[in-house]
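**Student:** Residue numbers (the working numbering), protein chains in the order written: chain A, 282 to 791; chain B, 309 to 420.
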Amino acid sequence: MEPSVIISFVIIPLFAAFLIPLVGRLVGGFQRILTSSIMLLLLVLSVFITLQGPETITYMAGGWEPVGGVPIAIYLVLDPLSGFLLTIINLLGFMSVFYAISYMRRYTSENLFYTLVCLMVAGMNGVVLSGDLFNLYVFLEISVISSYALVAFGVGKTELEASYKYQVLGALASLLVLFGIAMIYWRTKTLNIADISVLLQHARHDTFLVFVQLILITGFGIKAALIPFHAWLPDAHSSAPSPISAMLSGVLIKAVGVYVLIRLFFNMFQLDTSLAIVFTAIGALSMIIGVVLAIGQWDLKRLLAYHSISQMGYVVTGIGMGMILLARGGDKSIAALAIGGGLFHMINHAVFKGLLFLNAGAIEYAAGTRDMKKMGGLARHMPVTLSSSFSASMAISGMPPFNGFFSKLIIIVAAIQGEFYLLAVLAVIAGIVTLASFMKFQRFAFYNKPEKEPTAREVPLAMRFSMVTLALLCLLLSLLIIPDIRQIFLEPAVNTLIETTEYATKVLKL
Amino acid sequence: MTVFILSFLMLLVGVHGVLTRRNLIKVVISLTIIEFSIFLMLALIGFISGGEAPILDAGISAGRMVDPLPQAMVLTAIVIALATNAMLLTIAIRLYKKYGTFDIRRINELKG
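Here is the structure:
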């Protein structure tokens, strides 16, 4: 495939973000049509690339060829793991933008909203494609700065406060990331991830590098809202407009947080057992504490936001177990199972948590409240929202035959096979508490007898379309458990992580 | 080495400010101090004592030039920091209009 195709993932949304404020002012409806159509285009393109097969494509910005084997251009790298993340980002992006066509009519300055969404998508696509550390930092800042603005989009008291909190912690995280990148540059005098991985090949048990890795865990841990660094997430994700909450919870914390961590830890640094244990412990803590904090919430979107922490805990635990096994030189097939479970749960979480936030938006749109005590009796008035949120709730609590069941099952099976019995027990407990809190959501929102009969009506077509499609995906993604389908979509992504040094070989074409 | 330690101390001063200040604007200022300590460190990484400015011209050898890449990185990072600060100050001003104060303790709609 032509390498220049991959740069279009960044250029197209950036160009749209440039056009919308100019043309959108003159032509009514331009912003909605343009954003939806480019997101659909990017979705089709990313699925097409994923189906092409597991090859690694590199694009050198400016066409600067390597000099004497030393890469000097800024690299954009599309390998199966990036392709996997691109599919998630653009899928959720398209669904949220299509949903926003109806939802955002209540707000003013729609042009600015779509501009910021395009910038955020461009930034996230850039982060997962970047093969250069500093370039990654720049793309990361593009996506998070637009997300700061989007969180504050309602400009009410809570939105502004949440955005301020998010920004202070986010800026601190970005600076830690920059600090880590500076330290790596100090050591290696290069910024290319593949090149650094070659240079650090023999650097095991190096105190300097352990310090850098801890700095990076803290920085990206804040971005991913893992447990000791989670304080901003429930506020920010619940204050944003609902399609944006879906994007933030569904993809932003994965693309700029967990993805970068696993990419750097597996493909750039040498795997280290003690750091892998730290990584897994953070994941397990997020899994259990997130769900405990969630169950007491009465604000629907806050409850969902706390569950994001817990579900990302599953992802990190799964991948962390694989990391420990690989670092110890243990059984590779179990490591592959654990990492596969983690990545599988990542796409599942994007789909069902995106859907749940869209449902929360639909309920807020129709009933005008986010407080679960004030809802109730919506079952008869909103059948589409009821059925789609039921399928998402069952998926997140891990009920068969929905997708969440299979990914949690794989993680638990891998934990037992790898002899991490404590983690297996914690994962089961977290699953049960999740089920309890979603039973609460279903009961209070849809079946409880309210004081007065609600006047809510079903939401408009565009919103229903996104919700129904995502609900169907909750079922369809279960098919990834079948080996033949897994081979196309999931296995290549897992292999890029398992074969830790292959990344450098493929990118630099050694 | 002393300069690196000094810029690290500057970073710690900034972190102290972010953690202890109660005024929205002072938090932003503390963040800026952290930013500049890191920029300083980045610029120092590329520095060679007695080095020349990295401008390739007749009669100047590349061997004694300071590393230009960190300088380019610092310039980019300054632009990004400008955007971050502008965004933070915008939100701080909007918060002031809503609450009539910059005091964090009195801006507490959100809990938990």
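Even glycine gets a Cβ: it sits at the ideal position worked out from N, Cα and C.
With a cut-off of 8 Å, does the C-beta of W467 (chain A) fall near any C-beta of chain B?
**Tutor:** W467 (chain A) counts as touching chain B.
**Student:** Classify E645 (chain A) as helix, strand or coil using the three-state DSSP reduction.
**Tutor:** Three-state DSSP puts E645 (chain A) in a helix.
**Student:** Which residue from A:T316, A:Y646 and A:A616 puts its Cα closest to that of R387 (chain A)?
**Tutor:** For R387 (chain A), the nearest C-alpha among the options comes from A:Y646.
**Student:** With a threshold of 8 Å on Cβ separation, who are the neighbours of M381 (chain B) within its own chain once the five nearest residues in sequence on each side are excluded?
**Tutor:** Hits under 8 Å: L350.
**Student:** Is the number of C-beta pairs between the stretch 353-373 of chain A and the stretch 301-314 of chain A that are closer than 8 Å three or more?
**Tutor:** Touching, no, given that fewer than three Cβ pairs across the two stretches are closer than 8 Å.
**Student:** For K634 (chain A), count the other beta carbons within 10 Å of its own beta carbon; 16 or more makes it buried, fewer makes it exposed. Which is it?
**Tutor:** That one is buried.
**Student:** Roughly how far, in whole angstroms, is the beta-carbon of S589 (chain A) from the beta-carbon of L514 (chain A), given that I think they are within contact range, below 8 Å?
**Tutor:** Going by Cβ atoms, the distance from S589 (chain A) to L514 (chain A) rounds to 7 Å, so yes, they are a contact pair.
**Student:** Looking at the strands, I want to know which residues DSSP matches up with Y652 (chain A).
**Tutor:** In the sequence on display, residue 652 (chain A) carries Asp and not Tyr. In DSSP, D652 (chain A) forms a bridge with A:D580.
**Student:** Give me, in chain order, the residues of the same chain whose beta-carbon lies closer than 6 Å to that of I600 (chain A); leave out the 5 immediate sequence neighbours on both sides.
**Tutor:** Hits under 6 Å: I543, I620 and G623.
**Student:** Counting only C-beta atoms, is P362 (chain B) closer than 8 Å to chain A at any point?
**Tutor:** Not one chain A Cβ lies under 8 Å of P362 (chain B).
**Student:** Cutting at 8 Å between CB atoms, please list the residues of its own chain near A774 (chain A), excluding the five before and the five after it.
**Tutor:** P361, L362, G364, F365 and L624.
**Student:** Using a beta-carbon distance below 8 Å, is M381 (chain B) in contact with chain A?
**Tutor:** Output row for M381 (chain B): interface = yes.
**Student:** For I704 (chain A) versus A557 (chain A), is the C-beta distance shorter than 8 Å?
**Tutor:** Just to set this straight, residue 704 (chain A) is Leu in the shown sequence, not Ile. No; because the gap between Cβ atoms is not below 8 Å, this pair is not in contact.
**Student:** What distance in whole Å lies between the Cβ atoms of A696 (chain A) and Y595 (chain A), which are believed to be in contact at a cut-off of 8 Å?
**Tutor:** Not a contact, Cβ separation roughly 11 Å.
**Student:** Kindly list, in the order they appear in chain A, the residues whose Cβ is closer than 7 Å to that of T310 (chain B).
**Tutor:** Under the 7 Å cutoff, chain A gives no residues; its nearest Cβ is about 16 Å from T310 (chain B).
**Student:** Can you have a look at V387 (chain B) and say buried or exposed, based on whether 16 or more other CB atoms are within 10 angstroms of its CB?
**Tutor:** Result: exposed.
**Student:** What alpha helix (DSSP H) runs, 4 residues minimum, are completely inside the stretch 555-636 of chain A?
**Tutor:** Counting whole runs of 4 or more residues, the stretch 555-636 of chain A contains the alpha helix (DSSP H) stretches 581-609.
**Student:** In whole angstroms, what separates the C-alpha of R754 (chain A) from that of F394 (chain A)?
**Tutor:** Checking the displayed sequence, the identity of residue 754 (chain A) turns out to be Leu instead of Arg. Answer to the nearest angstrom: the Cα atoms are 27 Å apart.
**Student:** Given a cut-off of 8 Å on the beta-carbon distance, is the pair L357 (chain A) and Y340 (chain A) in contact?
**Tutor:** Their beta carbons are under 8 Å apart, which means L357 (chain A) touches Y340 (chain A) by this criterion.
**Student:** Under three-state DSSP, which class holds Y388 (chain A)?
**Tutor:** The answer is coil: DSSP assigns Y388 (chain A) none of H, G, I, E or B.
**Student:** Is DSSP giving M341 (chain A) helix, strand or coil here?
**Tutor:** DSSP places M341 (chain A) in strand when its eight states are reduced to three.
**Student:** Between the C-alpha atoms of L459 (chain A) and Y418 (chain A), what's the straight-line distance to the nearest angstrom?
**Tutor:** Using only the alpha carbons, I get a separation of about 7 Å.
**Student:** Any chance you could list the alpha helix (DSSP H) runs of at least 4 consecutive residues sitting entirely within the stretch 392-476 of chain A, in chain order?
**Tutor:** Correct list: 414-432 and 438-469.
**Student:** Mind listing the chain E neighbours of A385 (chain B)? Cutoff is C-beta to C-beta under 7 Å, in chain order.
**Tutor:** In the displayed structure, chain E is absent; the protein chains listed are A and B.
**Student:** Are the CB atoms of I569 (chain A) and A717 (chain A) nearer to each other than 8 Å?
**Tutor:** No, these two residues do not count as a Cβ contact at 8 Å.
**Student:** Report yes or no: is there a C-beta of chain A within less than 8 Å of the C-beta of R329 (chain B)?
**Tutor:** For R329 (chain B), the answer is no, since every Cβ of chain A falls outside 8 Å of its Cβ.
**Student:** Is there at least one Cβ from chain A nearer than 8 Å to I356 (chain B)'s Cβ?
**Tutor:** No, because no Cβ of chain A sits closer than 8 Å to the Cβ of I356 (chain B).
**Student:** In this structure, how does DSSP classify M373 (chain B) when only helix, strand and coil are distinguished?
**Tutor:** Residue state, collapsed to three classes: strand.
**Student:** Have a look at the DSSP bridge pairing and note the partners of E360 (chain B).
**Tutor:** Paired residue(s): B:M373.
**Student:** Just to confirm, are T781 (chain A) and F547 (chain A) a CB contact at a threshold of 8 Å?
**Tutor:** Yes.
**Student:** Output the residue ranges of the beta strand (DSSP E) runs that lie fully inside the stretch 390-414 of chain B and measure 3 residues or longer, sorted by chain position.
**Tutor:** Entirely contained in the stretch 390-414 of chain B, not one beta strand (DSSP E) run reaches 3 residues.
**Student:** In three-state DSSP terms, what is L639 (chain A)?
**Tutor:** It is helical.
**Student:** So L359 (chain A) is in the beta strand (DSSP E); what residue range does that whole segment cover?
**Tutor:** Per DSSP, L359 (chain A) belongs to the beta strand (DSSP E) from Y356 to L359.
**Student:** Using a Cβ-Cβ cutoff of 8 Å, what residues of the stretch 384-407 of chain B are near chain A? List them in chain order.
**Tutor:** Cβ contacts with chain A: T384, A385, I388, A391, T392, M395, L396, I399, A400, R402, L403, K406 and Y407.
**Student:** Under 7 Å: does the beta carbon of Y418 (chain A) sit that close to some heavy atom of the ligand PLP?
**Tutor:** For the structure depicted, the ligand PLP is absent and the ligand set is empty, with no information on it obtainable.
**Student:** Could you please tell me which residues of the stretch 337-354 of chain B, in chain order, have their CB closer than 7 Å to any CB of chain A?
**Tutor:** Per Cβ criterion, the list reads L339, I342, E343, I346, M349, L350 and I353.
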